[in-house]
Amino acid sequence: MTEDVEFDLGFADDHDDWGLKVNPEKLNTLNCLNGHLSAEEDYYRDPRRRPRFTFYAVDEKLHPDNFNIERLMSSQDIRPDDLKKLSEGKIRTVGHVRKTGVDELVKSLGLHSSMRYALNSILDNLPQPSAWARVAKNTAADPFRIRLHKDSVGVPPRWSEGNFQVEIEELERKGKGKKPKTYQFRIRIEGFDPDTSIMTLRPDQWRPEVASKWSELLDKAVKGTIKPHLHLRQGADDYNTFRKSQAVGSLIHEATEQARSLAHTIRDANELPSYNQYDTGVNLLNPGLNLKSRMNALDRSGVEIQRKAVFTGLTCPDISLIRGPPGTGKTTVICEIIQQLAVEQGLRVLMVAPTHIAVDNVLERIGLVDGPNFLPGVYPLRHASNSRAVSNHLRMFTWDELSSGLRSRLAGTLESGLNKNLESDKVSSIQQDWLTQLRQPVKGRDEDGEERVDIIGHMLKHNVNLVCATTIGISTGGYFEADGIPFDVAIIDEASKATLGEFLVPGIRAKRWLLVGDEKQLSPHVDQSKIDFILARIIWKHFVWSMNKKNGEEKPTGKSVWVHQLTKPSKEHIKGAHIHEGVSVSKDGNELVGFFAMRPEIQKMFEDCAVSVRISLEQWFEHRMSNNENLRREHQWRIYSSILNLRADLEDKWSEISFESQVRKWQEAKKRIDDNFIRAVTGWERKCNSTKQTHERAVTAYNERQATIKEYPKILAKAKEEFQNKESIRQKDFANKISEYDSLVNEWVSAEKKTRGPKPKKPKAFKEGKFKPPNEPKQLADPGRYNKPKKPNKEAYPEEPKKRPKSWRRPPVKKPTVLQLYNQKTGVWFNAMWDWKTREMKPLPRGMRPQRSAPHISGAIKPWCFDMKRADNLDRLWIDLVMVADFEYNSGFELLAERLSKNKRNDRIVSLNVQHRMHPKIAEFNSRVVYGDEYHSGSNMVERGFPTRLLGTPLKKDDSLILLDTSLFGKEAMEQLDEGKRGRYVNVAEAKVIVEAIDDIAKDLASISHPDDRYWEIAVISFYKAQAAAIEKALRVSDVVQSKGRRFVDKKTKSVRIEVNVVDRFQGREADVVLLPMTRANERGSLGFMTVLNRINVATSRARHRLVLVGNARQLEDMGKKYDARNTDEDSESSMTENTAPQNFVSQLINHVQKNGRSLQISPKDLRNDWKGINLVRKPRNGNKRGGRK
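Below is the structure:
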């Protein structure tokens, strides 16, 4: 890869223009949100978040009537006594319950009503015998149960709760076309038993073709047609994101009248038409919202503002917002609006909130919650896919309870009026038919697998006039389906905690909208891991943004994919690379697409970069509306630097991989040359031995031949002599034969003719033999001297590959001269300087004074690409980053409030200004610092408070603001790091003092009756989880309170409840006494969360009667001065939407307490409990390394 040409680049300064052209107000909000949600869906589909498991079919069928009832009851919220009664009544299986009947069983055994709900819930979640028989018929395996592999590791804990989806790998299918889409086979698991690893399913509720495929797969596994081990993967938990994407798509395409209206409202929020907004003066349903003659001016003003908010919500034709600081009656206004809309105007109202607690709070405030005494005319439905999320006393308004109640009443009426004697009566036949339908299950499929029609549910769904649910919960399944049911008004409570996407889900279901919230309280819940993934995917998307091809002579624009071998690998390499790194991959590897096609190691590089980008983006976002342009540009530069470093890291990674590959090839080439040389030498040695032996044989043969040639004349003479001797012998023999012949002939002649035989035959004539000399030996060539074969030469090694130097990481032209570093061992900050020779930070030499570094004016940030002619100046990426900040950290309430505030008529935002929760002393400081005196306290709030003793000091009734100073505790009064990890701050002195204070307060409150005739509540609200955990641990030392689950109660009367929590989880709640540990105490002036107004606002506004601050007052004052002098946010731990506190905040807080409350200095001698051996801070596990980003 070619190396980039270096160019000047420094820290962010006035010349840096990255992102300056981006105006968030002019962005296409809905289209950007749609792309953002696409990245969010990928987060939930991440294969690393969804492990792959092996499961087996169960070949033994178990009828649902044989299920053990006690085991099924273990997941239900019931009384232990009722379970014992079931056992004594010999009710052990589901079949016993069905045979007896739930109502009869509850009545005969005297069970609690919760048992009726539990038993009905169990029966609803189990298949009917007829349905079980229909599905399990002619199957070898049990289609209702599967068994997970016994050695499965990493089973999610929430699986034990059941009701989750999985994807079956063997049943996924691919579509047709060049780029076929993979279709997952997703099924729902009803329950999972971790002890037996058995998963239970409900195929009787599936479509018949799906159940058939499922049963066929299990049968094949049991019969051995396919391998017995099957595979599943947890289904992507992207339902909420899908619903948000669905809502955005509906708005973009204006699919419905409501969606069209909402889309236009969002787009033209600052140009909405005027309307008649006036207070008719009529009495409202809530007496507290009516004006009285003897009201003082402040109370009258508060009631008038509340009435204005009510009438704005009633008359606004499109969208309106109600702002309200803590305790100003936002819930009261909501309840009045709901009652007016539902009862007086006869409209259908949808009331949603981000949390179930907020929804239940409004529902129980509308009126009495005991059914018949509910406000006449209001017919509420509390919708929740899981009824357990609803408060126990509000479950009577859930679908299950309302539907079953209506069915039982109708069935009773029909039975009482049924004429059994007239079987042919048509009316009786119709009544009997209705009665049969009423006794059928509400939903699901019948014995033939057909969908049931819920007539009663249809009636109920269209007759309720108030539906309460969470923002996303309104779109979930369950028995109530809100799709297709238009609402006249949608009310969103605690809208400041709902993102824009969450607001749109209920928004597209209504004709007009009312948002209620407070942007100065906590912002939407942020899942940092999700944000990090979205940022990583956005950065990756920018990395693989390919060139735009154009027809004609025009050159393409854009840039090439960066390091495509890593960011966009070839398909043939993807699966193998993941398997090589130990990743569990499906058979076809269909899940490894897009971002997930990269190797896990490369994905981790993107995610690490995203973490750094998120931290800088948060800090940039906090200062986006401030006037400190240089500070914002510095954070923007950090983002840019992080991304450039990632690019350099990828280049280095690919260079490293390429270098390792080249080294391997080089080593293989060396090995091949060495092997070839060894083989050649071995052959040469063998050849030497062979040729030498051949030469020796040739020399021997030559010598032997020469000797033979030398002896040849003798051999020839001897042969002639032998030949002549043989010839003479032949001649003699021939002469003897002739002589013998002659004698025979003479005898024949002399003999008589009668007696003589034939004439003797004459011998052939003598023929002289021819001499054949012996073969003369041929002359052999002289072999001469022995010549040794030439020894082979070794081939030269190829050139050793050279490692590519690391990519230029664009450091500033001049490194800052002096930088402060922290020594974890000594706990001291020291000045350090950059050593250009060793290229590392070294302590500043003694006697050298730190000087301010020179300004970096090295030039503008240059375009970010390889080819300068096709420059991408990062504006595209910056737009995406800005939208991440807005969509994930800003609430829809804030975004819409910003747009509506530009409306000149200003008739759609109402701000409440009188609080009715806290003692005025508590509310005064909060009002002045956080809201700028925008709200005040009601006249009757001065009655809050109670006399008590605190650590030996008597307190009066109006001592509602207390500071417990721990300055005398020495080192214990300073913050410490739990396990040595950054962000896990613990203050030991504060934890001990809080326990002692709770002991005193609990003792006194236990002997005082509550003014509202209820139990007393004490809350300890911490800014840090580690401090909250330390306080919970310290409370177990107390002799006054005892643990009860996650809460504590006083041992004597159990009338005082104590809860320890963090600020984030306490918004929307309140307590009689709140103890607030400051936690932070250090020499650096690092205030942490105490600089975040949103958290301060929530933390200091939860107490009704008394707020007790606990901290090192002396150190806090010094920290406040250092913070004001430095005026930086280096230690800020706030999130994107949280505002930074004003200067000198800590000093103002302490001065306010000393002036308007009580300041008590506590010493170790004031502690009464035995704290010896109690260690509230855990030691580091892996040395003293401190965490944090590089």
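Residue numbers (my numbering): 58 to 1247. Think of the CB as a built atom: it goes at the ideal place given N, C-alpha and C, for glycine as much as any other residue. Keep in mind it's a predicted model, so treat the numbers as computed, not measured.
How about residue i and residue j: do their beta carbons lie closer than 7 Å?
{"i": "threonine 298", "j": "glutamate 97", "result": "yes"}
{"i": "valine 419", "j": "threonine 388", "result": "yes"}
{"i": "aspartate 276", "j": "threonine 150", "result": "no"}
{"i": "valine 620", "j": "tryptophan 677", "result": "no"}
{"i": "leucine 129", "j": "valine 154", "result": "no"}
{"i": "asparagine 997", "j": "threonine 1136", "result": "no"}
{"i": "proline 344", "j": "aspartate 261", "result": "no"}
{"i": "glycine 152", "j": "aspartate 122", "result": "yes"}
{"i": "isoleucine 588", "j": "glutamate 945", "result": "yes"}
{"i": "proline 657", "j": "glutamate 675", "result": "no"}
{"i": "alanine 1160", "j": "isoleucine 979", "result": "yes"}
{"i": "cysteine 525", "j": "valine 416", "result": "yes"}
{"i": "alanine 552", "j": "leucine 572", "result": "yes"}
{"i": "aspartate 550", "j": "alanine 446", "result": "no"}
{"i": "alanine 1063", "j": "lysine 1014", "result": "no"}
State the Cα-Cα distance for the pair residue i and residue j, rounded to the nearest angstrom.
{"i": "tryptophan 1228", "j": "valine 1094", "result": "8 Å"}
{"i": "aspartate 1175", "j": "glycine 1214", "result": "21 Å"}
{"i": "tryptophan 723", "j": "glutamate 857", "result": "7 Å"}
{"i": "asparagine 1226", "j": "methionine 1031", "result": "21 Å"}
{"i": "glutamine 241", "j": "isoleucine 565", "result": "29 Å"}
{"i": "glycine 1125", "j": "tryptophan 694", "result": "38 Å"}
{"i": "proline 846", "j": "threonine 751", "result": "13 Å"}
{"i": "asparagine 960", "j": "leucine 953", "result": "11 Å"}
{"i": "lysine 194", "j": "aspartate 645", "result": "33 Å"}
{"i": "isoleucine 1065", "j": "glutamate 328", "result": "56 Å"}
{"i": "threonine 527", "j": "aspartate 943", "result": "22 Å"}
{"i": "alanine 726", "j": "isoleucine 735", "result": "14 Å"}
{"i": "isoleucine 394", "j": "leucine 341", "result": "10 Å"}
{"i": "glycine 651", "j": "histidine 582", "result": "28 Å"}
{"i": "glutamate 991", "j": "serine 984", "result": "7 Å"}
{"i": "isoleucine 595", "j": "arginine 965", "result": "36 Å"}
{"i": "lysine 767", "j": "alanine 822", "result": "40 Å"}
{"i": "leucine 119", "j": "glutamate 458", "result": "31 Å"}
{"i": "isoleucine 1115", "j": "valine 1098", "result": "8 Å"}
Which word fits residue i, buried or exposed, when buried means at least 16 other C-beta atoms lie within 10 angstroms of its C-beta?
{"i": "phenylalanine 828", "result": "exposed"}
{"i": "alanine 1182", "result": "exposed"}
{"i": "glycine 292", "result": "buried"}
{"i": "glycine 1037", "result": "buried"}
{"i": "lysine 860", "result": "exposed"}
{"i": "glutamate 41", "result": "What the structure shows of the chain is the stretch from 58 to 1247, and residue 41 is not part of that stretch, so it cannot be assessed."}
{"i": "glutamate 1089", "result": "buried"}
{"i": "glycine 434", "result": "exposed"}
{"i": "cysteine 89", "result": "buried"}
Counting only the same chain and skipping the five closest in sequence on each side, list residues whose C-beta sits under 7 Å from that of residue i.
{"i": "glutamate 247", "result": "Asn182, Gly219, Asn220, Thr257, Leu258 and Arg259"}
{"i": "tryptophan 216", "result": "Phe249"}
{"i": "glutamine 315", "result": "Pro543, Ile565, Arg566, Ala567 and Lys568"}
{"i": "glutamate 1029", "result": "Val1045 and Ala1046"}
{"i": "glutamate 311", "result": "Arg317 and Ala320"}
{"i": "leucine 37", "result": "The question about residue 37 has no answer, for the chain in this structure spans 58 to 1247."}
{"i": "aspartate 71", "result": "Confidence is the limiting factor: at aspartate 71 the pLDDT is only 31, short of 50, which leaves the residue's position unreliable, though a coordinate-based value still follows. Contacts found: none."}
Spatial neighbours of residue i within its chain, please: CB distance less than 8 Å, with the 5 preceding and 5 following residues excluded, ordered by chain position.
{"i": "leucine 1217", "result": "Leu1007, Leu1008, Thr1010, Ile1019, Leu1020, Leu1021 and Asp1022"}
{"i": "lysine 1082", "result": "Arg1041 and Val1119"}
Who are the near neighbours of residue i in its chain, counting only those whose CB is closer than 6 Å to its CB and skipping five residues on each side?
{"i": "threonine 1194", "result": "Its pLDDT being 45, under 50, threonine 1194 is placed unreliably in this model, and the coordinates cannot settle the point."}
{"i": "arginine 1235", "result": "Asp1035 and Glu1036"}
{"i": "arginine 464", "result": "Leu495 and Ile513"}
{"i": "serine 968", "result": "Arg380"}
Cβ of residue i versus every heavy atom of the ligand ZN: is any distance shorter than 6 Å?
{"i": "aspartate 252", "result": "Summarising the ligand content, the structure contains no ligands, and the ligand ZN is consequently not present."}
- Message: Three Cβ pairs or more, each shorter than 8 Å: is that satisfied between the region 283-292 and the region 109-117?
- Response: Segment contact: the region 283-292 against the region 109-117, three or more CB-CB distances shorter than 8 Å; contact assigned.
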